[in-house]
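Q: For the sequence shown, this note's numbering begins at 2 and goes up steadily by one. The beta-carbon is built from N, C-alpha and C at its ideal position, and this holds for glycine as well. Input: one structure, supplied below.
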Amino acid sequence: MKLFESIQIGGMLLTSRIAMAPLTRCRAVDQNTPNEIMVDYYRQRAGAGLIIAEGTSPSPNGLGYRNIPGLFNHRQLEGWKPITKAVHEEGGRIFLQIMHTGRVGHTNNLPEGARLLAPSAIAQKGDISTYDLDRQPYPTPEAMTTEEVREAVQEFRICTEMAIQAGFDGVEIHGAHGYLPNQFLLPSRNVRTDAYGGSRENRLRFLRELLEECCSAVGSEKVGLRISSFSYADVDDEEQELIATYTEVVEMLNPMDLAYLHLSHMGDPVPVKFEMWETIRSIYQGKIMLCGDFTKETADQALLEGRADMIAFGRDFIANPDLVTRLKNDWPLAERDNSLWYGDGAEGYSDYPNYG
Ligand SMILES: Cc1cc2nc3c(=O)[nH]c(=O)nc-3n(C[C@H](O)[C@H](O)[C@H](O)COP(=O)(O)O)c2cc1C
Numbered sequence: 002m003k004l005f006e007s008i009q010i011g012g013m014l015l016t017s018r019i020a021m022a023p024l025t026r027c028r029a030v031d032q033n034t035p036n037e038i039m040v041d042y043y044r045q046r047a048g049a050g051l052i053i054a055e056g057t058s059p060s061p062n063g064l065g066y067r068n069i070p071g072l073f074n075h076r077q078l079e080g081w082k083p084i085t086k087a088v089h090e091e092g093g094r095i096f097l098q099i100m101h102t103g104r105v106g107h108t109n110n111l112p113e114g115a116r117l118l119a120p121s122a123i124a125q126k127g128d129i130s131t132y133d134l135d136r137q138p139y140p141t142p143e144a145m146t147t148e149e150v151r152e153a154v155q156e157f158r159i160c161t162e163m164a165i166q167a168g169f170d171g172v173e174i175h176g177a178h179g180y181l182p183n184q185f186l187l188p189s190r191n192v193r194t195d196a197y198g199g200s201r202e203n204r205l206r207f208l209r210e211l212l213e214e215c216c217s218a219v220g221s222e223k224v225g226l227r228i229s230s231f232s233y234a235d236v237d238d239e240e241q242e243l244i245a246t247y248t249e250v251v252e253m254l255n256p257m258d259l260a261y262l263h264l265s266h267m268g269d270p271v272p273v274k275f276e277m278w279e280t281i282r283s284i285y286q287g288k289i290m291l292c293g294d295f296t297k298e299t300a301d302q303a304l305l306e307g308r309a310d311m312i313a314f315g316r317d318f319i320a321n322p323d324l325v326t327r328l329k330n331d332w333p334l335a336e337r338d339n340s341l342w343y344g345d346g347a348e349g350y351s352d353y354p355n356y357g
């Protein structure tokens with residue numbers, strides 16, 4: 002099967018075309034710092050062709066969820082080092098997903114002095130789990146000043162540099178699912194009147210600048226990007242605008258020569274149909290990773306039909322640390338148990354056994 006063939010991505014030769022999708026697991030309970038159980042968890046999953054480690058904030062302002070890791074201080078940098086070392090010792094490869102939550106967060110989850118910042122003062126719909134107050138409606142974020150937008154670009158660059166210092170093989174910028182870079186892209190969330198809002202070119206500027214900064218800092222072969230046509234909680238943009246925006250994003254990416262472009266699709270409702278990814282495939286000149294509801298068979302089919310170069314699996318990696326071996330041998334997969342996805346401690350996290 003093509004799924005189990007090696008592939009060159011950026012400067013790396015990966016052992017298979019199966020990636021572990023980024024999965025927020027909320028185990029960084031001590032000041033958003035990676036810890037020992039995270040070392041175990043990632044070491045166990047090093048059989049993936051590429052691990053994309055969970056969404057990790059480049060800024061105190063981007064820690065909108067409880068207990069997600071950060072990478073913006075020395076302690077966090079030291080915390081990630083044993084994780085990348087463990088994965089490399091097992092022969093694996095690991096990128097870090099850089100995720101700034103922007104407006105998708107709650108002030109109660111932010112560390113002291115941090116602020117809930119977004120392109121515009123427009124609240125996300127729905128509610129969110131907090132440290133002290135149970136579930137709360139998303140607060141209205143503060144609109145960033147132009148200077149704060151530029152600072153956020155620099156936070157992505159510095160985090161990228163720190164990721165390489167921590168031993169990661171590269172970074173994946175989280176431009177999907179309604180988080181900060183995604184918030185800039187669409188008029189439903191961005192009504193700015195400076196150079197970062199208004200026209201499509203302006204709305205793309207934040208993503209363009211941060212990718213350029215990250216690529217110039219560590220090399221474009223060490224930078225990937227994840228996009229999706231949806232956010233989890235609300236989508237108010239016209240389908241035509243979404244298609245036009247994402248087409249422009251992909252055209253912008255072509256000369257950047259990134260490690261890969263990761264297209265995330267998940268469940269319904271999805272405003273832009275899955276076929277949109279085929280349009281992107283025809284425009285984009287680099288490597289494409291697809292993710293969302295794949296099985297071994299549909300993944301291999303997507304590769305054979307040329308729709309993708311790699312496939313990322315998310316939920317199946319949670320209960321199956323040895324997912325690649327299981328798929329290869331047609332061994333059964335462990336059952337999904339979503340009750341501990343965002344729990345505390347090792348239970349439902351680093352205590353899943355390998356098959357047999
Ligand atoms: C528990 C959980 C946490 C997730 N965290 C992230 C994340 O940090 N970053 C991200 O881009 N996607 C995240 N996702 C989405 C997954 O990366 C993936 O796109 C999704 O699970 C669909 O793939 P699957 O059908 O193979 O599970 C998360 C999904 C789940 C179930």
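Whether or not the segment 75-93 and the segment 42-53 are in contact is what I'm after, with contact meaning three or more pairs of Cβ atoms, one per stretch, closer than 8 Å; do they touch?
A: Yes, the segment 42-53 is in contact with the segment 75-93.
Q: Report whether the distance from the Cβ of Leu24 to the nearest heavy atom of ligand 1 is below 7 Å.
A: Checking the Cβ of Leu24 against ligand 1 gives yes.
Q: On a CA-only basis, which of Glu148, Gln155, Ala245 is nearest Ser60? Give me that one, please.
A: Looking at the Cα atoms, Gln155 is the closest of the given residues.
Q: From the DSSP secondary-structure annotation, give me the bridge partner or partners of Ser17.
A: Answer by DSSP bridge pairing: none, since Ser17 is not bridged.
Q: May I ask you to report which of helix, strand or coil DSSP gives Ala234?
A: Interpretation of Ala234 is limited by its pLDDT of 49, a score under 50 that renders its predicted location unreliable; the figure taken from the coordinates is listed afterwards. Coil, per DSSP.
Q: So, are the CB atoms of Thr102 and Glu55 less than 8 Å apart?
A: Contact: no.
Q: Could you tell me which residues DSSP puts in a beta bridge with Leu226?
A: Bridge partners of Leu226: Ile174, Leu262.
Q: How is Asp128 classed by DSSP in three states: helix, strand or coil?
A: In this structure, Asp128 counts as strand in the three-state DSSP scheme.
Q: Per DSSP, what are the beta-bridge partners of Phe318 in this structure?
A: For Phe318, which the question treats as bridged, DSSP gives no partner whatsoever.
Q: Taking a contact to mean a Cβ-Cβ separation below 8 Å, would you say Tyr350 touches Ile123 in this structure?
A: No, the Cβ-Cβ distance between Tyr350 and Ile123 is not below 8 Å.
Q: Under the DSSP definition of a beta bridge, which residues are partnered with Ser58?
A: BP columns for Ser58 point to Gly71.
Q: Please return the same chain residues whose Cβ sits closer than 8 Å to the Cβ of Thr147, not counting the five positions on each side in sequence.
A: Closer than 8 Å at the Cβ level, and outside the excluded window around Thr147, lie Asp195, Ala196, Tyr197.
Q: Could you tell me whether the Cβ atoms of His263 and Cys216 are closer together than 8 Å?
A: Their beta carbons are not under 8 Å apart, which means His263 does not touch Cys216 by this criterion.
Q: Any idea if Val224 is buried or exposed, counting beta-carbon neighbours within 10 angstroms, 16 or more meaning buried?
A: With 16 or more other Cβ atoms within 10 Å, it is buried.
Q: Leaving out five residues before and five after Arg76 in sequence, what residues of the same chain have Cβ atoms less than 6 Å from its Cβ?
A: Here the set comprises Thr34.
Q: Please report how far the alpha carbon of Ser130 lies from the alpha carbon of Leu118, in whole angstroms.
A: Spanning the two alpha carbons is a distance of roughly 18 Å.
Q: Since Met277 and Ile244 should fall inside the 8 Å C-beta cutoff, what is the C-beta to C-beta distance between them, to a whole number of angstroms?
A: Going by Cβ atoms, the distance from Met277 to Ile244 rounds to 7 Å, so yes, they are a contact pair.
Q: Please name the residue or residues paired with Ile289 in a DSSP beta bridge.
A: Per DSSP, Leu262.
Q: To which residues of the same chain is Gln184 closer than 7 Å at the C-beta, ignoring the five residues directly before and after it?
A: Closer than 7 Å at Cβ, skipping near neighbours: Gly103, Arg104, Ala119, Pro120, Arg190, Asn191.
Q: If you follow the alpha helix (DSSP H) that Leu305 is part of, which residue opens it and which one closes it?
A: Taken as a continuous stretch (DSSP letters only), the alpha helix (DSSP H) holding Leu305 covers 297-305.
Q: Measure how close the beta-carbons of Gly50 and Ala20 come, nearest whole angstrom, since I'm counting them as under 8 Å.
A: At roughly 6 Å, the Cβ-Cβ gap stays under 8 Å, so Gly50 and Ala20 are in contact.
Q: Indicate the three-state DSSP secondary structure (helix, strand or coil) for Ile123 in the structure shown.
A: Coil.
Q: When the distance is taken between beta carbons, is Ala167 closer than 8 Å to Leu254?
A: It is not a contact, given that the beta carbons lie outside the stated cut-off.
Q: Out of Asn203, Glu239, Tyr261, point me to the one whose CA is closest to Gly220's CA.
A: Of the candidates Asn203, Glu239, Tyr261, the one whose C-alpha sits nearest the C-alpha of Gly220 is Tyr261.
Q: So that I know if they touch, is there some Cβ in chain B lying closer than 8 Å to that of Asn74?
A: Included in the structure is just one protein chain, with no chain B present.
Q: Are Tyr356 and Arg327 closer than 8 Å when you measure CB to CB?
A: Yes, the pair counts as a contact, with Cβ atoms nearer than the cut-off.
Q: With DSSP as the reference, identify every bridge partner of Met311, one or two as the case may be.
A: In DSSP, Met311 forms a bridge with Met290.
Q: Please list, in chain order, all residues of the same chain as Arg116 whose beta carbon is under 7 Å from its beta carbon, the five residues on each side excluded.
A: Counting only Cβ-Cβ distances below 7 Å, and skipping sequence neighbours, we find Asn62, Glu143.
Q: Secondary structure at Pro272, three-state DSSP: helix, strand or coil?
A: Per-residue confidence for Pro272 stands at a pLDDT of 49, beneath the threshold of 50, marking its modelled position as unreliable; the derived number appears in the next sentence. Here Pro272 sits in coil by DSSP.
Q: Let me know if Arg206 comes out buried or exposed under the rule of 16 or more other beta-carbons within 10 Å of its beta-carbon.
A: When all chains shown are included, Arg206 counts as buried.
Q: Taking 7 Å as the cut-off, is the beta-carbon of Gln98 closer than that to any non-hydrogen atom of ligand 1?
A: At least one heavy atom of ligand 1 is nearer than 7 Å to the Cβ of Gln98, so yes.
Q: Using the three-state DSSP reduction, which class does Phe185 fall into: helix, strand or coil?
A: If DSSP states are grouped into helix, strand and coil, Phe185 belongs with the helices.
Q: Buried or exposed for Gln125, going by 16 or more other Cβ atoms inside 10 Å?
A: It is buried - the Cβ of Gln125 has at least 16 other Cβ atoms within 10 Å.
Q: How is Gln32 classed by DSSP in three states: helix, strand or coil?
A: Reduced to three states, the DSSP call for Gln32 is coil.
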